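**Q** The structure follows.
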Amino acid sequence: PREGISPSSIKAASEKIAAAMGVGPAYTRIYIKGNNVAVEIPRAFPEGLDFWDSLECQDAIDCKGLPLALGADYFTRNVIEDLTECQDILIAGASRQGKSNCIRSMIDSILYFNGPDRIRFAIFDPTGFEFSVYNGLRKDYFFGGGVINDEDRAMQMLRGLHEETESRRRMLTESHCRDINEFLDNGGSLPYIALFIDEFAYLSLGENGKEFRKLINDLARKGRTAGIHCVIATGRPCSDVITGDIKFSFT
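Quick note, the sequence shown lines up with residues 1 to 251 if you use our numbering.
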């Protein structure tokens with residue numbers, strides 16, 4: 001840019017830049033190197049991504065934990081994360097923005113590489129149809145006996161996960177292991193548990209909301225050490241749904 005033109009002024013003009021280039025609302029990133037500024041805008045016609053190709057990439061194959069195929073970056077490189085190394089995950093966004101699809105891709109990624117000896121799922125789906133396809137899995141894939149749709153059974157499942165967390169932590173202490181990964185490396189056998197809650201607000205604002213938020217906080221603080229990982233999604237990421245404690249524990 002000419003002398004006196006700051007990167008912030010370029011970013012402020014991002015909508016004008018996008019309109020001039022004939023694309024939709026700009027999601028602009030500014031890259032600065034020396035005197036050069038690069039402006040990144042979305043493509044007018046996004047390319048599709050083959051989910052199964054992502055699962056066959058080397059990063060997913062080499063993952064020793066629970067691989068998550070999350071799409072591709074701006075350079076079309078596959079984005080693979082290991083759930084066992086992530087902080088617990090919060091997915092927020094408006095309706096029909098892909099939250100449930102994101103969760104399904106996570107579950108499918110884990111299933112592609114792991115059997116019931118390595119993973120148990122705890123799934124809450126208040127709609128009753130977003131995740132009903134997983135009811136076709138063998139029952140030993142589940143903690144809680146299948147995909148759960150009602151609040152009472154969801155609370156029973158969470159209380160059970162809390163008890164399971166405490167039991168596992170005691171076992172790790174007795175085994176002189178810091179976490180489940182050290183326990184597994186020393187020859188132990190224990191499956192990971194992945195908790196997926198599709199609409200967090202349904203339970204957070206429900207009849208048992210206070211107990212629910214406490215259980216989620218406890219799982220977020222203690223669960224990862226014991227091999228229990230949480231992924232929650234909500235269309236209402238406001239303070240009465242996502243409290244400060246929960247926001248601190250999730251990324």
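We put the beta carbon where it would ideally sit given N, CA and C, even for glycine. Being a predicted model, the structure only gives us computed values, none of them experimental.
In whole angstroms, give me the CA-to-CA distance for PRO67 and GLU3.
**A** In the sequence shown, the residue the question calls residue 67 occupies position 67. In the sequence shown, the residue the question calls residue 3 occupies position 3. The alpha-carbon atoms of PRO67 and GLU3 are separated by roughly 47 Å.
**Q** Which one of ASP150, ASP82, ILE107 has the shortest CA to CA distance from PHE124?
**A** The residue you call residue 124 lines up with position 124 of the sequence shown. Nearest option by C-alpha distance: ASP150.
**Q** Give the range of the alpha helix (DSSP H) segment to which ALA226 is assigned.
**A** Stepping through the sequence shown from its first residue, residue 226 is reached at position 226. Element bounds for ALA226: n/a, residue is neither H nor E.
**Q** Within its chain, find whatever has a CB closer than 8 Å to the CB of GLY160; leave out the 5 residues flanking it on each side and keep chain order.
**A** Mapped onto the sequence shown, residue 160 falls at position 160. Correct list, in chain order: PHE143, GLY144.
**Q** Would you mind sorting ALA19 into buried or exposed? The rule is 16 or more other CB atoms within 10 Å of its CB.
**A** Position 19 of the sequence shown, counted from the first residue, corresponds to residue 19. Exposed, because fewer than 16 other Cβ atoms sit within 10 Å of the Cβ of ALA19.
**Q** Would you check if the distance between the CB atom of SER249 and the CB atom of ALA226 is smaller than 7 Å?
**A** Position 249 of the sequence shown, counted from the start, is the residue given in the question as residue 249. Position 226 of the sequence shown, counted from the start, is the residue given in the question as residue 226. No. Outside cutoff.
**Q** Give me the residue from GLU56, SER54, HIS162, VAL79 with the minimum Cα distance to LEU195.
**A** What you label residue 195 is simply residue 195 of the sequence shown in a count that begins at 1. Closest option to LEU195, judged by alpha-carbon separation, among GLU56, SER54, HIS162, VAL79: HIS162.
**Q** Looking only at DSSP bridge pairs, what is ALA72 linked to?
**A** For the purposes of this step, residue 72 is identified with residue 72 of the sequence shown, where counting begins at 1. In DSSP, ALA72 forms a bridge with ASN78.
**Q** Is ALA154 helix, strand or coil by DSSP?
**A** One-based indexing of the sequence shown puts residue 154 at position 154. It is helical.
**Q** Run through the stretch 54-131 for me and flag every whole alpha helix (DSSP H) of 4 or more residues, listed as ranges in chain order.
**A** 58-62, 99-113
**Q** Please report the straight-line C-alpha distance between GLU211 and ARG168, rounded to a whole angstrom.
**A** Working through the sequence shown from its first residue, we reach residue 211 at position 211. Working through the sequence shown from its first residue, we reach residue 168 at position 168. Distance between the alpha carbons of GLU211 and ARG168: 21 Å.
**Q** Report the three-state DSSP secondary structure of THR243 (helix, strand or coil).
**A** Taking the first residue of the sequence shown as position 1, residue 243 is located at position 243. In the structure shown, the three-state DSSP call for THR243 is coil.
**Q** Could you tell me the distance, in whole angstroms, from the CA atom of GLY71 to the CA atom of SER9?
**A** Counting from one through the sequence shown, the residue named residue 71 turns up at place 71. Counting from one through the sequence shown, the residue named residue 9 turns up at place 9. The alpha-carbon atoms of GLY71 and SER9 are separated by roughly 31 Å.
**Q** Rounding to the nearest angstrom, what Cα-Cα distance links PHE121 and ILE216 in this structure?
**A** Along the sequence shown, read from residue 1 onward, the residue named residue 121 stands at position 121. Along the sequence shown, read from residue 1 onward, the residue named residue 216 stands at position 216. Each residue's alpha carbon lies about 16 Å from the other.
**Q** Can you give me the C-alpha to C-alpha distance between SER175 and GLN97, rounded to a whole angstrom?
**A** On the sequence shown, position 175 is the one that residue 175 refers to. On the sequence shown, position 97 is the one that residue 97 refers to. Cα to Cα, the separation comes out at about 44 Å.
**Q** Among ILE103, ARG224, GLU164, whose alpha-carbon lies nearest the alpha-carbon of ASP179?
**A** Counting from one through the sequence shown, the residue named residue 179 turns up at place 179. For the options ILE103, ARG224, GLU164, the alpha carbon positioned closest to that of ASP179 is the one of ARG224.
**Q** With a threshold of 16 other CB atoms inside 10 Å of the CB of GLN99, please say whether the residue is buried or exposed.
**A** Within the sequence shown, residue 99 is the residue found at index 99, counting from 1. This sequence places Lys at residue 99; Gln is not what is there. It is buried - the Cβ of LYS99 has at least 16 other Cβ atoms within 10 Å.
**Q** Buried or exposed: PRO294, going by 16 or more other Cβ atoms within 10 Å of its Cβ?
**A** Residue 294 lies beyond the residue range present for the chain, which begins at 1 and ends at 251; the question has no answer from this structure.
**Q** Taking the beta strand (DSSP E) that GLU40 falls in, what are its first and last residues?
**A** Along the sequence shown, read from residue 1 onward, the residue named residue 40 stands at position 40. Its beta strand (DSSP E) spans residues 36-40.
**Q** Near ARG118, what residues of its chain come up, given a Cβ to Cβ distance below 6 Å and the 5 sequence neighbours on each side ignored?
**A** Taking the first residue of the sequence shown as position 1, residue 118 is located at position 118. If we look at ARG118 and ignore the five residues flanking it on each side, its Cβ neighbours are PRO191.
**Q** What are the start and end residues of the beta strand (DSSP E) that includes LEU195?
**A** Residue mapping note: residue 195 aligns to position 195 of the sequence shown, counting from 1. Per DSSP, LEU195 belongs to the beta strand (DSSP E) from 192-197.
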